[in-house]
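**Student:** For the sequence shown, this note's numbering begins at 7 and goes up steadily by one. A virtual CB, placed ideally from N, CA and C, is assigned to each residue, including glycine.
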Amino acid sequence: MAFASVLRSTPRLASRAAPQIARTSARRGYASGPAQAKSNNGLLFGALGAAVVGGGLYFYARPDPNDQRTIKDAASPKEVDYQAVYNAIADSLEDEKYDDGSYGPVLVRLAWHASGTYDKNTGNGGSNGATMRFAPEANHGANAGLEKARAHLEPIKKKFPEITYSDLWTLAGVCAVQELGGPYIPWRAGRKDGNVENCTPDGRLPDADKGADHIRNIFYRMGFNDEEIVALSGAHALGRCHTDRSGFDGPWQYAPTTFSNEYFRLLFDEKWQERKWKGPPQFENKTDKSLMMLRTDMALVTDKAFKPTAQKYAKDENAFFSDFSKAFSKLIHLGVPTAQLSEPVPLKKIEDQAPATA
7 MAFASVLRST PRLASRAAPQ IARTSARRGY ASGPAQAKSN NGLLFGALGA
57 AVVGGGLYFY ARPDPNDQRT IKDAASPKEV DYQAVYNAIA DSLEDEKYDD
107 GSYGPVLVRL AWHASGTYDK NTGNGGSNGA TMRFAPEANH GANAGLEKAR
157 AHLEPIKKKF PEITYSDLWT LAGVCAVQEL GGPYIPWRAG RKDGNVENCT
207 PDGRLPDADK GADHIRNIFY RMGFNDEEIV ALSGAHALGR CHTDRSGFDG
257 PWQYAPTTFS NEYFRLLFDE KWQERKWKGP PQFENKTDKS LMMLRTDMAL
307 VTDKAFKPTA QKYAKDENAF FSDFSKAFSK LIHLGVPTAQ LSEPVPLKKI
357 EDQAPATA
């Protein structure tokens, strides 16, 4: 597949003080693939993690006694320049030494996993609290590798101490989606950081080895419908799986740092077969065996209710972007009392900001 079919050419600003300078490395192609024409316009998301799973211990998993209490209430939106925070995150995304050259996918995954613990029946969990800072939740198997995302954001938290971790993590996910070519994501500030007692029980996030019934159980608990489930699954356009984290291996598409509808197109256009290896069950594409799909991904093709929406997104990227924007925005606000939230904060992509004048 020619990378031209999935990579975006729109430049990003290298800094506020200079004219637009193309930064192409943030949207890199994967190693190989046959040429394929792209059907629609382009804009971004991954890794729901889109992005991908990771391992290791992070210092937040061992909080000191002072961290056991409520850290602090969310700062007033007037006290934080959220566009400046966004810009700092955007400027930190590219790193040739990390994975496929961008922290974007793992930041999307952080925002998703910090929010996807919500239970509409009990009202607990969700993005309010940032409880993955503490060992019980940080050590959940589904969160393996996210210590890398949290550590990556620490310098930005120190630069903007007024922002809560809860707001920072979700804002980072929004930034990653938008800067990697995806749609505008509505975002509101006002989340508060909680304490260790607010950690959610293990098992609230999806198990990639399960099918459609499991997916519905997880997402219905949060208040999503079938169409929203399919839209959010499109985050797998970003990132890859790692054997030392989730146990699975490989990217979902040839350009794992570009948000597009390519994930859906490949689901239907490629022929998939079970991979014969020593790892957990997953699928590989027959064309060159360089791409992967999980059982949860294949459920979008085999389930009669999921399939029509997935087919629509494979043919119409604009429809996917529109639905993903709404579903992802809903996700990252789960568990936050409406009265606690600010008005929507307009967050411009780097490429849409006018360069600063000297």
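CA-CA distance, S98 and Y109?
**Tutor:** 8 Å
**Student:** Measuring CB to CB, does W283 end up less than 9 Å from D255?
**Tutor:** yes
**Student:** Looking at the strands, I want to know which residues DSSP matches up with F289.
**Tutor:** E280 and M299
**Student:** Spell out a yes or no on whether the region 182 to 195 and the region 126 to 142 are touching, meaning 3 or more CB-CB pairs, one atom from each, closer than 8 Å.
**Tutor:** The region 182 to 195 is not in contact with the region 126 to 142.
**Student:** Give me the Cα-Cα distance between N145 and L211, rounded to the nearest whole angstrom.
**Tutor:** Approximately 13 Å between the Cα atoms of the pair.
**Student:** Does the beta-carbon of E203 have 16 or more other beta-carbons within 10 angstroms, so that it is buried, or is it exposed?
**Tutor:** The Cβ neighbour count for E203, taken over all protein chains shown within 10 Å, is under 16; the residue is labelled exposed.
**Student:** Sorted by chain position, which residues of the same chain lie with C-beta nearer than 7 Å to Y124's C-beta, five sequence neighbours on each side aside?
**Tutor:** G131, G132, M228, L340 and G341
**Student:** Can you list, in chain order, the residues of its chain whose CB lies under 7 Å from that of A345, leaving out five sequence neighbours each side?
**Tutor:** none
**Student:** For D358, does the count of other Cβ atoms within 10 angstroms reach 16, so buried, or fall short, so exposed?
**Tutor:** exposed
**Student:** Could you give the first and the last residue of the continuous alpha helix (DSSP H) run that contains W193?
**Tutor:** That residue, W193, is in no alpha helix (DSSP H); it is neither H nor E in DSSP.
**Student:** Would Q288 and E280 qualify as a contact pair, given that the criterion is a beta-carbon distance under 9 Å?
**Tutor:** yes
**Student:** Which of helix, strand or coil does DSSP assign to G110?
**Tutor:** helix
**Student:** Name the two residues that bound the continuous alpha helix (DSSP H) containing K164.
**Tutor:** L152 to K165
**Student:** Buried or exposed for E349, going by 16 or more other Cβ atoms inside 10 Å?
**Tutor:** exposed
**Student:** If we require 3 or more residues per run, which beta strand (DSSP E) segments fall completely within the region 208 to 283?
**Tutor:** As far as the region 208 to 283 is concerned, its whole beta strand (DSSP E) runs of at least 3 residues are 278 to 280.
**Student:** What residue range does the alpha helix (DSSP H) around G179 cover?
**Tutor:** Y171 to E185
**Student:** Under the three-state reduction of DSSP, which class applies to G147: helix, strand or coil?
**Tutor:** Note: G147 maps to helix in three-state DSSP.
**Student:** Just the Cα atoms here: how many angstroms apart are F140 and C205?
**Tutor:** Rounded to the nearest angstrom, the two C-alpha atoms are 8 Å apart.
**Student:** Assign K355 to buried or exposed, taking buried as 16 or more other Cβ atoms, counted over all protein chains shown, within 10 Å of its Cβ.
**Tutor:** buried
**Student:** Assuming G388 contacts S266 under a Cβ cut-off of 8 Å, what Cβ separation, rounded to an integer in Å, is found between them?
**Tutor:** Residue 388 lies beyond the range of the chain shown here (7 to 364); nothing can be said about it.
**Student:** For P286 and A261, I'd like the C-alpha separation in whole angstroms.
**Tutor:** 24 Å
**Student:** Considering T315, what are the terminal residues of the alpha helix (DSSP H) in which it resides?
**Tutor:** Counting along the chain, T315 sits inside the alpha helix (DSSP H) bounded by residues K313 to K321.
**Student:** Three Cβ pairs or more, each shorter than 8 Å: is that satisfied between the region 233 to 253 and the region 160 to 175?
**Tutor:** no
**Student:** Select from L353, N231 and D309 the residue whose C-alpha is nearest the C-alpha of F330.
**Tutor:** N231
**Student:** Roughly how many angstroms separate the alpha carbons of D173 and A243, rounded to a whole number?
**Tutor:** 24 Å
**Student:** Which residues in the same chain have their Cβ closer than 7 Å to the Cβ of A325, if we skip the five residues on either side of it in sequence?
**Tutor:** K318 and Y319
**Student:** From D105, K126 and P167, pick the residue whose C-alpha is nearest to that of K154; which is it?
**Tutor:** D105
**Student:** Judging by CA-CA distance, which residue of A311, Y269 and F334 is the nearest neighbour of K321?
**Tutor:** Y269
**Student:** Alpha carbon to alpha carbon, how far is R75 from N201?
**Tutor:** Note that R75 scores a pLDDT of 38, beneath 50, so its modelled location is shaky; the value from the coordinates is reported in the next line. Going by the C-alpha atoms only, they are around 5 Å apart.
**Student:** Roughly how many angstroms lie between the CA atoms of W118 and A178, to the nearest whole one?
**Tutor:** 11 Å
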